[in-house]
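Step one of this worksheet: look at the structure below.
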């Protein structure tokens, strides 16, 4: 859990890595892959013209179904399906820009709240042990909080802390009226039971939104979760801010993790998409993705989704952040998504880049959730 | 919630009607439809030979994908795909028989438990008001409990009871060590807030399994719900008992209600099916069902799923129970499912009838959940 802790960006280093929980498994199992083995297949649209009949179930020229429509059924002029133009290129969904907008909005709200009722939202982060990456994430969160005027609290506990000690700190934050959100930075040292610790966070302050009670409410019609998990919320927010119609569309979510895939599917379904969840046991996942108007991929498999998997005009949200070996990079590696970007950009109508797509949205949503929590606790509209 | 209360069978009258919550909406909006308007379309396989290319996405003769396989990939001799034989007919999944088996198993376990530790499982049902149908359901549950040796408790409260009075009774059952499961018969009188009442049932005794905490655990990998909702659990149990392989198969759930569709989709996904959820906002739902190895339909639309919607060899679980006008019936109506049975039986490899399919499973699962609860509370393996 604490997914917002799991996908984090440091703007200075551009390191965007999965560090915890289920979605990170693939990335952790395949921490470094040679660029060559993950290079997109030789499926270059500028060389071979795309023959939709070979790759796409429903003939794209007959029915390109561009989903970028607002009130009319005609696509805005800037959104031209790749299938309809020779040199067309998808709209790049700029997560960095949107995240900045959201942080600005949060900052304005925080300031309004402070002025009106004298309350400053507070976020507490609990870090156990000395993992460098975890320390970096915590530092980034602290910085992001400061930037928008949210007060940040942290508890740094030694590696050999007992479960009881960690839970004692959580209880302290649960009872602290200055704290409106609590995050436990994952992973925890192996001698500590993660579920026990996470269950100790009171649901009103569980800004990660991963408490089963929250997930249950997310799944149920007529119920409202207290918090929506940050990364999937960020995905949907990107669709909203780019005017992508979700209702009535076919959506495919690749990956069924607790922190991204599953809640993303529930969110899309809440917005009246028809959702299929594709996972490691799915035979021929491309048969599903080829029919999708919207694809959200969160598996941690570098370049898994090829151009041939994508329906012309589809919108692609790529949550994967995978390091691949790259001798040309000063760091020796570079980060790529689950989707073969070079191919996808020529067939999709819109796509998130990696990095700079979903990554920056996670912290923005965490700040937004913390604000929501403070507003709710203080009944501030 | 209290879904087990919503779809109930009275064996004497064969009245199987939706009475509560979301899945019942369609049935209630369309309480009586003329038989003619809901008659399956003229798509008779004994007259016109089925041309798969007209109706099925993946050519069925090329790839009938019969899902009735255990360890081998060859179908058991009794399960012949309709597409491969002229007069073939699907295996009828006998819910009445399976429900009887389950009740017998529960009875044996109850008796074993009583002998070993002297504990008898107890189920409490709370009925508010004078609805005749609700009274019938409560009576049936009581009878079913008695038959397997589960002690039944009931509280019958007048129509004008206050919310507080109802909750007081729930609290009483929460604290009663002889009660291991609590059901609130729905619908409640309109002046009572259903959610408040249902939330009062302690999660350890919520044998309906509809507490959001349970649904959340059902959705999350690595978590286990305390109870699985009765009707969807019954659907999956039928698949299991008929040896239907779920892992790796394509499943389509029609309907996304809290009490059947949504939890059924979560259960199928837990068993490694690739699940698509089709609903009222889905354009061309038949495009999804035609690709499905397993279809679970729970919408309450008489004969909605035509033969042309079904892939040859698919397995069909029909949760719908819809009354259609029938002048030939002494009652003036008869009950049909969501699936056009006459057509489906000629193309599917297996199908549940209505009545006598999923219906009888709901109470069997309720008894099973009550036993599970008693075992857990008393730590009896």
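Protein chains in written order, with UniProt numbering: chain D, 1 to 381; chain G, 1 to 381. The C-beta atom is built at its ideal place from N, Cα and C for all residues, glycine as well. Values in this document were obtained by computation on a predicted structure and should not be read as measured data.
- Burial is judged here by how many other beta carbons sit within 10 angstroms of a residue's own beta carbon; residue 191 of chain G has fewer than 16 and is exposed.
- Closest by C-alpha distance to residue 139 of chain G, out of G:265, G:172, G:158, G:185, is G:185.
- Beta-carbon to beta-carbon, residue 274 of chain D and residue 250 of chain D are separated by about 5 Å, close enough to satisfy the 8 Å threshold.
- In its chain, beyond the 5 residues on either side, 147, 148, 149 have a beta carbon closer than 8 Å to the beta carbon of residue 107 of chain G.
- Only residues of its own chain outside the window of five on either side were considered, and among them 128 have a CB closer than 7 Å to the CB of residue 161 of chain G, listed in chain order.
- In the three-state scheme derived from DSSP, where H, G and I count as helix and E and B as strand, residue 137 of chain D is classed as helix.
- In the structure shown, residue 232 of chain G falls within a helical segment according to DSSP collapsed to helix, strand and coil.
- In terms of CA proximity to residue 280 of chain D, D:253 leads the group D:253, D:306, D:259, D:268.
- If you check each beta-carbon in the segment 281-292 of chain G against every beta-carbon of chain D, the ones closer than 9 Å belong to 281, 282, 283, 285, 287, 288, 291.
- Residue-level contact check: residue 276 of chain G touches chain D, since one or more beta carbons of chain D fall below 8 Å from its beta carbon.
- Within chain D, 219, 220, 221 have C-beta atoms less than 8 Å from the C-beta of residue 262 of chain G, given in sequence order.
- For the segment 81-168 of chain D, the continuous alpha helix (DSSP H) assignments of 4+ residues that do not extend past its boundaries occur at 95-117, 132-148, in sequence order.
- Residue contact check for residue 334 of chain D against chain G: no CB pair falls below 8 Å.
- Not one beta carbon of chain D lies nearer than 8 Å to the beta carbon of residue 229 of chain G.
- For residue 342 of chain D, the enclosing alpha helix (DSSP H) begins and ends at 341-344.
- At least one CB atom of chain D sits nearer than 8 Å to the CB of residue 212 of chain G.
- Counting of Cβ neighbours within 10 angstroms places residue 121 of chain G among the buried residues, the total reaching 16 or more.
- CA-CA distance, residue 312 of chain G to residue 243 of chain G, rounds to 18 Å.
- Counting only runs of 4 or more residues that sit fully inside the segment 260-312 of chain D, the alpha helix (DSSP H) segments are 261-270, 285-289, in chain order.
- Between residue 354 of chain D and residue 298 of chain D, the C-beta spacing is not below 8 Å.
- Listed along chain D are 256, 277, each with a C-beta nearer than 7 Å to that of residue 269 of chain G.
- According to DSSP, residue pairing for residue 252 of chain D in a beta bridge involves D:276, D:295.
- Contact annotation: residue 220 of chain G and residue 212 of chain D have beta-carbon atoms nearer than 8 Å.
- Per DSSP, reduced to three states, the secondary structure at residue 314 of chain D is coil, with no helix or strand assignment.
- Interface residue (Cβ-Cβ distance to chain G less than 8 Å): residue 209 of chain D is not classified as such.
- The shortest C-alpha to C-alpha distance from residue 309 of chain G to any of G:296, G:289, G:218 is the one to G:289.
- For residue 133 of chain D, none of the residues of chain G pass the 8 Å Cβ criterion, the least Cβ distance being about 23 Å.
- Between residue 272 of chain G and the set G:248, G:372, G:358, G:182, the nearest pair of CA atoms involves G:248.
- Taking a C-beta cut-off of 7 Å against chain D, none of the residues of the segment 290-321 of chain G qualify.
- Excluding the 5 residues flanking it on each side, residue 232 of chain D has same chain C-beta neighbours closer than 7 Å at 260, 263, 264, 267, in chain order.
- Chain G places a beta carbon closer than 8 Å to that of residue 247 of chain D, counting this residue as a contact.
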